[in-house]
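Accompanying notes for the structure given below.
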Amino acid sequence: MKIKSFKAYKKNLLLQKPYTIARETITDVENVFLEVELENGIKGIGAANPSPEVVGETPEQTLQNLQSGFLETLAGKDIRQFLHHIYLTKQQFPGRPGTQACIDIALHDAFTKWLGISLVDFYGRQHERMLTSVTIGIKDVAATLEEADDYYKKGFRILKIKTGLNAGLDADRIIKLKEKFGKHFIIRVDANTGYTLDDLKLFLSLTKAYDVELIEQPLLPYLDKELLQLPAETRAILAADESLKDERSALSVAAQNLYGIFNIKLMKCGGIKRAMEIANIANPAGIHLFWGCNDESIVSITAALHAAFACPHTKYIDLDGSLDLTEDVVTGGFILKDGYMYLDDAPGLGVSII
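Residue 301 in numbering that gives the first Met the number 0 is what sits at position 302 of the sequence shown, and the numbering runs on without skipping anything.
The following block contains the structure:
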């Protein structure tokens, strides 16, 4: 079955609730979309929202790449050769993971729709459901507790707390959450590179009795080797995020025994195929997988969930990036109930273009 055409466009999606992380306050998000149509009328869709601070690519650059003429060279090609098309994309746009992810997801969706099988079942389903965390940005204790109460009422069981500006105040927020909600919430922390090693040690000492499940990327990537000063059992609950961009960095992090967890984001690494390659590096190293996201459309969130559920060593997911959007360009995708995310057996991603 041949590829007929492509259509790329950008849409600004407003957030219901702006939030603050260590670097900035987020109020809305630009997502880039790519539709691929096959000769029989089947349409696949991809999406991207790369973080320029992390990967050096903006949504505007992603759109420019998609409209550069490269995709026209894939028109008329066989969709069954989609892995080769993804390889060509990587060669054409090195260092542009948002562009790669958008094309990769669209081709995966079109191909598995053509096969009549879900993307996760194409790779091999390993998980049926998993609890996702929901994110609370950097805010004071009262506002943190208020937002947590809202998530409590909605049935969520895992909170990811953004930190990184003040280790002492960060710890106080965790302590107050545990005092109010007890064991109801599992607590994860994301410092977004905001800590020094001393900050991290202070945070760990203050929260030692409060069962923080994991801590994402506490230090700037170039300071990672300082983590070797921490005991192995502490490093086991640290998750590499900004330090983990591609297969090469995955090999380096794994070899140095710096982190016990890989946070894989399709927008960092360039899509499903490259994410699975990173996952394959983590497995023999005994590193657990934690699938994360930016503020993204249901399209790419669902793509990440399919990849996560196809990996036996996936232990954590943080795929809440579409929950606070006021609009989207598709319906369907994942199912969310009482904090659990599910996938059905609909072909492809299981999304429908509105």
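Idealized CB from N, CA, C, for every residue including glycine.
I want to see whether chain C comes within less than 8 Å of residue i, judged by CB atoms only; does it?
i, result
"V54", "Although the question refers to chain C, the structure presented lacks it and comprises just one protein chain."
Could you check what DSSP says for residue i in three-state terms: helix, strand or coil?
i, result
"M129", "strand"
"P93", "coil"
"M275", "helix"
"T357", "This structure cannot settle anything about residue 357, because the visible part of the chain is limited to 0 through 353."
"Y8", "strand"
"Q99", "helix"
"I44", "strand"
"S117", "strand"
"F69", "coil"
"I104", "helix"
"N256", "coil"
"K138", "coil"
"E34", "strand"
"I353", "coil"
"P51", "helix"
"K1", "strand"
"K112", "helix"
"T24", "strand"
"N64", "helix"
Taking all protein chains shown into account, decide if residue i is buried (16 or more other Cβ within 10 angstroms of its Cβ) or exposed.
i, result
"G115", "exposed"
"G402", "No statement about residue 402 is possible, as the shown extent of the chain runs from 0 to 353 and does not include it."
"P283", "exposed"
"P49", "buried"
"T301", "buried"
"N262", "buried"
"I353", "exposed"
"E241", "buried"
"Y8", "exposed"
"A166", "buried"
"R89", "In the sequence as presented, Arg is not what sits at residue 89; that position holds Lys. That one is buried."
"K267", "buried"
"D77", "exposed"
"A231", "exposed"
"Q416", "A question about residue 416 goes unanswered here, because the residues of the chain that appear run from 0 up to 353."
"D210", "exposed"
"D319", "buried"
"K207", "exposed"
"Y150", "buried"
"N293", "buried"
"E56", "buried"
"S351", "exposed"
"H83", "exposed"
"L227", "exposed"
"R273", "buried"
"R128", "exposed"
"S67", "exposed"
Return the CA-CA distance between residue i and residue j, expressed in angstroms with no decimal places.
i, j, result
"A281", "S296", "27 Å"
"L324", "L12", "6 Å"
"D364", "L288", "With the chain represented from 0 up to 353, any question about residue 364 goes unanswered, as that position is not in the structure."
"G269", "L201", "35 Å"
"H107", "D344", "15 Å"
"E215", "I102", "28 Å"
"D169", "K175", "10 Å"
"I25", "E146", "16 Å"
"K314", "Y258", "14 Å"
"D337", "T134", "16 Å"
"A47", "Q80", "22 Å"
"G181", "D327", "35 Å"
"M275", "I104", "13 Å"
"R247", "A253", "10 Å"
"D349", "S117", "It should be noted that the sequence gives Gly, not Asp, for residue 349. So the two alpha carbons sit approximately 7 Å from each other."
"K179", "K42", "48 Å"
"A239", "P51", "18 Å"
"H183", "K161", "19 Å"
"M340", "I260", "20 Å"
"E38", "A74", "10 Å"
"L265", "V53", "13 Å"
"R234", "L335", "31 Å"
"F69", "S4", "12 Å"
"F155", "T330", "22 Å"
"E159", "I137", "Glu is not the amino acid found at residue 159; the sequence shown has Lys there. Straight-line Cα distance between these residues: approximately 11 Å."
Stretch pair the stretch 134-145 + the stretch 304-311: three plus CB contacts closer than 8 Å:
no
Please go through the stretch 197-245 and give each complete beta strand (DSSP E) segment of 3 or more residues, from N-terminal end onward.
211-215 and 237-239
3 or more residues per run - each beta strand (DSSP E) lying fully within the stretch 266-350:
287-290, 313-316, 329-331, 334-336 and 339-341
Segment contact flag, the stretch 188-205 with the stretch 221-233, C-beta cutoff 8 Å, min 3 pairs:
yes
Just list the alpha helix (DSSP H) runs in the stretch 141-191, keeping only unbroken ones of 4 residues or longer that don't cross its boundaries, in chain order.
166-180
Contact between the stretch 119-132 and the stretch 62-71 (3+ Cβ pairs under 8 Å):
no
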